[in-house]
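Student:
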């Protein structure tokens, strides 16, 4: 299996540190507001990657951090009057609810920053002891001049960075030095005691403190949105490799591409900002999931009504085909000649840096090749195809089962049909036609 | 909060090693067959304990091991002709499906024994190096004479143990010595290479290898069924404290009581063996969950149709009451005087070694006290009660929402009523009466 790593800008054979075990870390949300569809895209991608790794036999330990202390949270807390911790817990809960609705349920451990302050303090202390960090009047900073490899993930060098936004912070030796610990500024912000006075962690340090604690100084794969490469992931590498002296911290850096809305960047100011909660008022979670997976996770993706509608139709097409497979998958497994090339194509595509759009195309290849002769297929052949599609559904995290009208509705429909037949027999066409048209408007078709 | 520990035979203040973090390990299943209702009882209990700890603000990291190599698996594999690994994966999958159906979804990491062979070999080697273990022709054994504290969890001493089943294994120095590594016996059993020849781990060592790797040599809480205290948990303590020199490995040992069926031990030979899958054909998962929580987790529990029926009625009673709370819980929180004593009783009970039956009794206290005057309660009061019941439902892992007739059925019902009114207006009573009686037999009541 080949996986592209941002670190080497190339696909590499997926060799893990410890045989079939994979330690995976993905940057989780800052919980100050509801998650938006860009978050949805990222976390659906990594959920699917984890599903595929597990399908291949890997035991994956997937951690997400929860940034529950941060400028954004403090500001939102001041605006809303809700204490910062309460605000963070509220949006953490809503985040996990949203993810469950998207069938994103593969995270093994959500690790909050504020639950790991001890590990953060310990890592900062070791960075100071080793001469990589220094204290000023307003915080503790990593001195990037001490770590010449700074920039190796993002391919930026320090000179290029002179215009970086941190330049205003004047207590630093170098504008690119980044905060490990921020000393208290206001009286109403949450703080923790530290050897450098009350304060709170910088943003980057929570991730490496958490991953060092659970995974050690080196682990297999790190994921996140493309926008986090610089400075966030660069800073993570810098902190961890400086403190441990071991490199690489992570071999496989997986980054999801941007999500646009109708060709434009999603932003509150453009009034095209869509939360997952808003999305799910209009679309089925599985439609969005299928839409996300119809583009490669590293590519940009454009959200539009049309493309969602297209995904709905594609899913429907698979479901209609699946319904034709009128067999039950049991304990026995079978091979099917007509399936073989498409199955191979599916798994070859997934093995090629989790190429879900190509893998999905293989499903449509299968449908196009077999749909018209399915009647002539043996039960064994159909079982083989159905079992394969069950695996595909599990990997993609969607269902190909057609939603059945609930039993209660079935019984009511039978009763209505019976009444209608009787009315027609009595030549009461007014009432029987009313039933037909009402049923049609409810989405039920009547064939006399 | 007080929690009873089997180690001290007393309730202790729940003081954790690292502030609000809890490392919890519970012995998972040996995956050679479907899980039964006794497993259901144990895992529902620990799922609820985790839910309550999280509700109290603890960040819980909950690991379960999966024993996927074992005599039982090897024997079942030989009987069925399914390779041992395939068999284990199949029943692991079914186990996790069963747990999800019971709304048992709190395990952060399922750690398979066979994924941790390196850690197992490493721990055995350290036990040998420290003089606690020795090799014989058929395996590596822990020498219990070297660890005088053996027996401190189960309160047994070595003399009492002379009759223990292991006595037949004659390569051991002492009959109570237990296997850390079992050398290959048959050609068709799965083995791993080791410094002591090909073989497989003993049962006890996987747990301590896994917990040492993820938690370190000491952690907060260990759970499992009462039947595992001896020899399994005793052996865990012995291995871990011998290798680390640190005690206690775990302060809080939580053991669930036995589950009987109609007063008898459940066993295949008595023909009263009930898998979770069988159970769920006849009962709602929530009914079983509520039944389990109606007894304290440490007490024996007797499964019978009557008690399940009783649980169903109790849940119904709460749901009917909940339905009377015709308000929506929003962002604001309120206090309600009539609720206060019952709410306190609920949380005091949960704080007293997770006493769920007493906590549930507090809910019925609330219902009895308030149900008749609920009409006179302010909306704020009702919101306070409803928000409390929402918390209770979340902690117990059940829902108090009454299942609504689906929207589709509602529309069909409207149509049928309309048709029936028209028929009655036309004095077509035969047909309108038929509709009424058919609807009644479907469970719908018509009030003209």
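Residue numbers (our numbering), protein chains in the order written: chain R, 1122 to 1569; chain C, 1122 to 1569.
Idealized CB from N, CA, C, for every residue including glycine.
These figures come from a predicted structure and were not determined experimentally.
1) Along chain R, which residues have their Cβ under 8 Å away from the Cβ of residue 1142 of chain C?
2) For residue 1260 of chain R, which beta-bridge partners are listed by DSSP?
3) I'd like to know whether the C-beta of residue 1233 of chain C is nearer than 8 Å to at least one C-beta of chain R.
4) Comparing alpha-carbon positions, which option in R:1188, R:1264, R:1209 and R:1223 lies nearest residue 1197 of chain R?
5) How many whole angstroms separate the CB atoms of residue 1293 of chain C and residue 1335 of chain C, which I take to be in contact at a CB cut-off of 8 Å?
6) Closer than 7 Å by beta-carbon distance: list the chain R residues that pair up with residue 1559 of chain C, in chain order.
7) Return helix, strand or coil for residue 1339 of chain C, following the three-state DSSP convention.
8) Suppose you measure from the CA of residue 1284 of chain R to the CA of residue 1245 of chain C; what does that come to, to the nearest Å?
9) Leaving out the 5 sequence neighbours to the left and right, which residues in its chain are closer than 6 Å to residue 1235 of chain C when beta-carbon positions are compared?
10) With a threshold of 8 Å between beta-carbons, can residue 1327 of chain C be considered close to chain R, or not?
11) Identify the continuous beta strand (DSSP E) that holds residue 1399 of chain R and give its terminal residues.
12) Just list the alpha helix (DSSP H) runs in the region 1176 to 1254 of chain R, keeping only unbroken ones of 4 residues or longer that don't cross its boundaries, in chain order.
13) Does the CB of residue 1401 of chain R have a neighbour CB from chain C at under 8 Å?
14) With respect to the beta strand (DSSP E) encompassing residue 1143 of chain R, which residues constitute its N-terminal and C-terminal limits?
15) From residue 1491 of chain R to residue 1459 of chain R, what does the alpha carbon distance come to, in whole angstroms?
16) With 8 Å as the threshold, decide whether the Cβ of residue 1287 of chain R is near any Cβ in chain C.
17) Can you look up residue 1317 of chain R in the DSSP assignment and give me helix, strand or coil?
18) List the endpoints of the continuous alpha helix (DSSP H) containing residue 1422 of chain R.
19) Please compile the residues from chain C whose C-beta is within a distance smaller than 8 Å of the C-beta of residue 1230 of chain R.
20) Please report the straight-line C-alpha distance between residue 1435 of chain R and residue 1454 of chain C, rounded to a whole angstrom.
21) Between the region 1321 to 1338 of chain R and the region 1347 to 1365 of chain R, do at least 3 Cβ pairs fall closer than 8 Å?
22) For chain R, check one thing: does any of its Cβ atoms lie closer than 8 Å to the Cβ of residue 1484 of chain C?
23) Under a Cβ-count criterion, where at least 16 other Cβ atoms within 10 Å of its own Cβ denotes burial, should residue 1523 of chain R be classed as buried or exposed?
24) Are the beta-carbon atoms belonging to residue 1185 of chain R and residue 1225 of chain R less than 8 Å from one another?
25) Quick one: which chain C residues come within Cβ less than 8 Å of residue 1139 of chain R?
26) Identify whether residue 1322 of chain C lies in helix, strand or coil by the three-state DSSP scheme.
27) Does any CB atom of chain C fall closer than 8 Å to the CB of residue 1540 of chain R?
28) Anything in chain C within Cβ reach of residue 1331 of chain R, meaning under 9 Å, just list it in chain order.
29) So, are the CB atoms of residue 1347 of chain C and residue 1377 of chain C less than 8 Å apart?
30) Give the interface partners of residue 1533 of chain C over in chain R, defined as CB-CB distance under 8 Å, in chain order.
31) Between residue 1511 of chain C and the rest of its own chain, which residues show a CB-CB distance below 7 Å, the 5 nearest in sequence each way excluded?
32) Among the candidates C:1432, C:1534 and C:1130, whose CA atom is the shortest distance from the CA of residue 1273 of chain C?
33) Does the region 1157 to 1167 of chain R come close enough to the region 1211 to 1230 of chain R that 3 or more CB-CB pairs lie under 8 Å?
34) Going by the DSSP bridge assignment, what does residue 1373 of chain R pair with across the sheet?
35) Please compile the residues from chain R whose C-beta is within a distance smaller than 9 Å of the C-beta of residue 1195 of chain C.
36) Name, in chain order, the residues that DSSP records as bridge partners for residue 1139 of chain C.
Tutor: Quick answer:
1) In the second chain, residue 1142 of chain C corresponds to position 21, counting from 1. Neighbours of residue 1142 of chain C on chain R, chain order: 1236.
2) Here residue 1260 of chain R refers to the residue found at position 139 when the first chain is read from its first residue. Residue 1260 of chain R pairs with R:1303.
3) Translated into positions along the second chain, residue 1233 of chain C becomes position 112. Yes, residue 1233 of chain C counts as interfacial toward chain R.
4) The count along the first chain starts at 1 and reaches residue 1197 of chain R at position 76. Taking only the C-alpha atoms, the option nearest residue 1197 of chain R is R:1209.
5) Mapped onto the second chain, residue 1293 of chain C falls at position 172. Mapped onto the second chain, residue 1335 of chain C falls at position 214. Not quite, the Cβ-Cβ distance comes to about 30 Å (not below 8 Å), so this is no contact.
6) Along the second chain, read from residue 1 onward, the residue named residue 1559 of chain C stands at position 438. Those are 1536, listed as they occur along chain R.
7) As a first step, residue 1339 of chain C must be located in the second chain, where it is residue number 218. In the structure shown, residue 1339 of chain C sits in coil (DSSP, three-state: anything other than H, G, I, E or B).
8) Indexing the first chain from 1 puts residue 1284 of chain R at position 163. Indexing the second chain from 1 puts residue 1245 of chain C at position 124. Note on residue 1284 of chain R: pLDDT 48, under 50, position unreliable in the model; the coordinate value appears next. In a straight line, the C-alpha of residue 1284 of chain R is about 56 Å away from that of residue 1245 of chain C.
9) Against the second chain, residue 1235 of chain C aligns to sequence position 114. Counting only Cβ-Cβ distances below 6 Å, and skipping sequence neighbours, we find 1189 and 1190.
10) On the second chain, position 206 is the one that residue 1327 of chain C refers to. Taking Cβ atoms only, chain R never reaches closer than 8 Å to residue 1327 of chain C, which makes this a no.
11) Residue 1399 of chain R sits at position 278 when you count from the first residue of the first chain. Where residue 1399 of chain R is concerned, there is no enclosing beta strand (DSSP E), although the alpha helix (DSSP H) it sits in stretches over 1397 to 1403.
12) 1192 to 1201, 1205 to 1222 and 1238 to 1250
13) On the first chain, residue 1401 of chain R is found 280 positions in, with the first residue counted as 1. No, its Cβ sits nowhere closer than 8 Å to a Cβ of chain C.
14) Walking along the first chain from the start, residue 1143 of chain R turns up at place 22. Unbroken beta strand (DSSP E) run through residue 1143 of chain R: 1142 to 1147.
15) Translated into positions along the first chain, residue 1491 of chain R becomes position 370. Translated into positions along the first chain, residue 1459 of chain R becomes position 338. About 7 Å.
16) For this step, residue 1287 of chain R is matched to residue 166 along the first chain. Note on residue 1287 of chain R: pLDDT 49, under 50, position unreliable in the model; the coordinate value appears next. For residue 1287 of chain R, the answer is no, since every Cβ of chain C falls outside 8 Å of its Cβ.
17) Residue mapping note: residue 1317 of chain R aligns to position 196 of the first chain, counting from 1. Residue 1317 of chain R falls in the coil class under three-state DSSP.
18) Along the first chain, read from residue 1 onward, the residue named residue 1422 of chain R stands at position 301. Element bounds for residue 1422 of chain R: not the alpha helix (DSSP H) but the beta strand (DSSP E), 1422 to 1424.
19) The sequence position of residue 1230 of chain R within the first chain is 109, counting from 1. Neighbours of residue 1230 of chain R on chain C, chain order: 1182, 1229 and 1230.
20) If you number the first chain from 1, residue 1435 of chain R lands on position 314. If you number the second chain from 1, residue 1454 of chain C lands on position 333. Straight-line Cα distance between these residues: approximately 45 Å.
21) yes
22) Start at 1 with the first residue of the second chain, and residue 1484 of chain C comes out as number 363. Judged by the 8 Å Cβ criterion, residue 1484 of chain C is not in contact with chain R.
23) Here residue 1523 of chain R refers to the residue found at position 402 when the first chain is read from its first residue. So residue 1523 of chain R counts as exposed.
24) For the purposes of this step, residue 1185 of chain R is taken as the residue at position 64 of the first chain. For the purposes of this step, residue 1225 of chain R is taken as the residue at position 104 of the first chain. Taking 8 Å as the Cβ cut-off, residue 1185 of chain R and residue 1225 of chain R do not qualify as a contacting pair.
25) Working through the first chain from its first residue, we reach residue 1139 of chain R at position 18. Going along chain C in sequence order, the residues near residue 1139 of chain R (Cβ under 8 Å) are 1239.
26) For the purposes of this step, residue 1322 of chain C is taken as the residue at position 201 of the second chain. The answer is strand: DSSP assigns residue 1322 of chain C an E or B state.
27) Translated into the one-based positions of the first chain, residue 1540 of chain R becomes position 419. Yes, residue 1540 of chain R counts as interfacial toward chain C.
28) The sequence position of residue 1331 of chain R within the first chain is 210, counting from 1. Under the 9 Å cutoff, chain C gives no residues; its nearest Cβ is about 11 Å from residue 1331 of chain R.
29) Walking along the second chain from the start, residue 1347 of chain C turns up at place 226. Walking along the second chain from the start, residue 1377 of chain C turns up at place 256. Contact flag set, yes.
30) As a position in the second chain, residue 1533 of chain C is number 412, starting the count at 1. Within chain R, the residues near residue 1533 of chain C are 1530, 1533, 1534, 1537 and 1563.
31) As a first step, residue 1511 of chain C must be located in the second chain, where it is residue number 390. For residue 1511 of chain C, where only same-chain residues beyond five positions count, the Cβ hits under 7 Å are 1450.
32) By 1-based counting over the second chain, the position of residue 1273 of chain C is 152. For residue 1273 of chain C, the nearest C-alpha among the options comes from C:1130.
33) yes
34) Sequence index remark: in the first chain, residue 1373 of chain R carries index 252 (1-based). Note: residue 1373 of chain R sits in a beta bridge opposite R:1342.
35) Working through the second chain from its first residue, we reach residue 1195 of chain C at position 74. The premise fails here: residue 1195 of chain C is roughly 20 Å from chain R at the closest Cβ pair, so nothing lies under 9 Å.
36) The residue given as residue 1139 of chain C occupies position 18 in the second chain. Residue 1139 of chain C is bridged to C:1142.
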